[in-house]
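Shown next, in structure tokens, is the structure this report addresses.
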Amino acid sequence: EAGVAQSPRYKIIEKRQSVAFWCNPISGHATLYWYQQILGQGPKLLIQFQNNGVVDDSQLPKDRFSAERLKGVDSTLKIQPAKLEDSAVYLCASSLAGPRGDTQYFGPGTRLTVL
Amino acid sequence: AQSVTQPDIHITVSEGASLELRCNYSYGATPYLFWYVQSPGQGLQLLLKYFSGDTLVQGIKGFEAEFKRSQSSFNLRKPSVHWSDAAEYFCAVGLKTSYDKVIFGPGTSLSVIP
Chain L
147 EAGVAQSPRY KIIEKRQSVA FWCNPISGHA TLYWYQQILG QGPKLLIQFQ
197 NNGVVDDSQL PKDRFSAERL KGVDSTLKIQ PAKLEDSAVY LCASSLAGPR
247 GDTQYFGPGT RLTVL
Chain S
80 AQSVTQPDIH ITVSEGASLE LRCNYSYGAT PYLFWYVQSP GQGLQLLLKY
130 FSGDTLVQGI KGFEAEFKRS QSSFNLRKPS VHWSDAAEYF CAVGLKTSYD
180 KVIFGPGTSL SVIP
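As you go down the protein sequences, you meet chains L and S in turn.
Numbering of the first sequence is given in this note's numbering, commencing with residue 147 and proceeding in unit increments.
Numbering of the second sequence is given in this note's numbering, commencing with residue 80 and proceeding in unit increments.
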């Protein structure tokens with residue numbers, strides 16, 4: 147079974163530029179998560195989708211971050227414009243259903259450096 | 080507010096020694112509990128999880144964890160550490176909301192001395 151795929155693996159941009167990350171979850175997984183992991187910290191949930199609907203985006207900086215999940219499968223996370231403090235690893239995860247403590251499977255992440 | 084604490088930022092143990100990583104949480108009910116491991120340059124991998132029932136949970140790679148309701152703790156243990164166990168370990172709690180939000184702790188970095 148293929149795991150969660152993310153691209154690109156690394157991205158370096160200058161502040162005020164825009165960037166987009168892509169995630170392909172495990173086939174059949176209804177729930178998709180985007181996390182931000184700043185160096186030395188645990189992952190912080192940015193947004194959670196159930197199929198293609200958003201169930202939690204309370205920690206997503208909506209003035210600069212946006213995410214979508216078309217057709218309940220792939221997802222993209224965009225930052226526009228980027229700030230220095232956005233430098234982090236962006237992790238995508240998916241789970242079969244979500245509710246009832248289902249196991250999350252993580253992708254390798256995208257390491258973003260904002261100069 | 081719900082939170083997860085991992086009191087030890089960094090732990091160093093000798094290969095073959097026993098290991099215990101601490102995790103405490105703050106939540107008004109019994110949450111789901113998880114331990115994940117993150118090796119350098121790799122994604123997070125689930126070691127074990129607690130949903131209900133037996134409070135001693137067995138996981139992969141020889142790890143186990145014990146849920147203690149009275150102490151709001153879910154400590155991870157391994158009787159004999161291998162050099163390959165060096166990694167970052169994250170405790171996480173799943174809140175029993177309609178969509179089961181998961182909150183991660185700050186992590187404990189484990190170094191293993193040969």
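Note that CB positions come from ideal geometry on N, CA and C, so glycine has one too.
Here the structure is a predicted model, which means the values were calculated and not measured.
Report the rounded CA-to-CA distance for residue i versus residue j, giving the unit in angstroms.
i	j	result
S/Val181	S/Thr187	18 angstroms
L/His175	L/Asn197	8 angstroms
L/Gly149	L/Trp168	14 angstroms
S/Phe169	L/Pro154	24 angstroms
L/Phe195	S/Arg101	31 angstroms
S/Val136	S/Ser152	13 angstroms
S/Glu167	L/Phe252	15 angstroms
S/Asn31	S/Val191	Summary: the structure shown does not reach residue 31 of chain S, with chain S confined to residues 80 through 193, and so no result is reported for it.
L/Arg215	S/Ser97	44 angstroms
S/Ser235	L/Lys161	The question about residue 235 of chain S has no answer, for chain S in this structure spans 80 to 193.
L/Val165	S/Asp133	46 angstroms
S/Leu154	L/Tyr156	Just to set this straight, residue 154 of chain S is Asn in the shown sequence, not Leu. When rounded, the distance between both Cα atoms is 34 angstroms.
L/Lys229	L/Lys190	17 angstroms
S/Phe142	S/Val116	11 angstroms
S/Tyr178	L/Ile172	19 angstroms
S/Lys175	L/Ser240	18 angstroms
L/Tyr181	L/Tyr236	6 angstroms
S/Gly120	L/Pro254	8 angstroms
Considering only DSSP beta bridges, list what residue i is partnered with.
i	result
S/Gln117	S/Leu123 and S/Glu167
S/Ile192	S/Ser93
L/Ile159	L/Val260
L/Cys238	L/Trp180
S/Arg156	S/Glu99 and S/Glu143
S/Tyr178	Note: S/Tyr178 sits in no beta bridge, so no partner.
L/Trp168	L/Ser153 and L/Thr222
L/Lys229	Per DSSP, none; premise fails for L/Lys229.
L/Ser173	For L/Ser173, which the question treats as bridged, DSSP gives no partner whatsoever.
S/Ile173	Position check: residue 173 of chain S holds Gly in this sequence, whereas Ile was assumed. According to DSSP, S/Gly173 bridges with S/Tyr111 and S/Val181.
L/Gln250	Beta-bridge pairing links L/Gln250 to no other residue.
S/Thr187	S/Tyr168
S/Gln150	DSSP output for S/Gln150 lists no bridge partner at all.
S/Gly129	In the sequence under discussion, the amino acid at residue 129 of chain S is Tyr, which differs from the Gly named in the question. DSSP output for S/Tyr129 lists S/Leu112 as bridge partner(s).
Using the beta-carbon of each residue, which ones in chain S are nearer than 9 angstroms to residue i?
i	result
L/Gln263	As shown, chain L starts at 147 and ends at 261. That puts residue 263 of chain L outside it, with no answer to give.
Interface residues of chain S around residue i at Cβ under 8 angstroms?
i	result
L/Leu237	Gly122 and Leu123
L/Gly255	Gly122
L/Thr259	Those within 8 angstroms of L/Thr259 in chain S number zero; the least Cβ separation is about 15 angstroms.
L/Gln194	Tyr178 and Lys180
Kindly list, in the order they appear in chain L, the residues whose Cβ is closer than 9 angstroms to that of residue i.
i	result
S/Phe169	Gly188 and Pro189
Interface residues of chain S around residue i at Cβ under 7 angstroms?
i	result
L/Thr249	Leu125 and Lys128
Using only the heavy atoms of the ligand GTP, determine whether one of them is closer than 7 angstroms to the beta carbon of residue i.
i	result
L/Leu191	Because no ligand of any kind appears in the structure shown, any question about the ligand GTP cannot be addressed here.
Residues of the segment 179 to 190 of chain S whose Cβ lies closer than 8 angstroms to any Cβ of chain L, in chain order: Within the segment 179 to 190 of chain S, those residues whose Cβ lies closer than 8 angstroms to any Cβ of chain L are, in chain order, Asp179, Lys180, Val181, Ile182, Phe183, Gly184, Pro185 and Gly186.
Runs of beta strand (DSSP E) wholly within the segment 184 to 220 of chain L (minimum 3 residues, chain order): For the beta strand (DSSP E) assignment, the uninterrupted runs of no fewer than 3 residues enclosed by the segment 184 to 220 of chain L are, from N- to C-terminal side, 190 to 196, 199 to 202 and 211 to 215.
Chain L contacts made by the segment 124 to 138 of chain S, where a contact means CB separation under 7 angstroms: Leu125, Lys128 and Phe130
Contact set between the segment 200 to 219 of chain L and chain S, restricted to residues whose Cβ is under 8 angstroms from the partner: For the segment 200 to 219 of chain L, residues whose beta-carbon sits nearer than 8 angstroms to a beta-carbon of chain S comprise Val201 and Asp202.
Residues of the segment 159 to 170 of chain L with Cβ closer than 9 angstroms to any Cβ of chain S, in chain order: none
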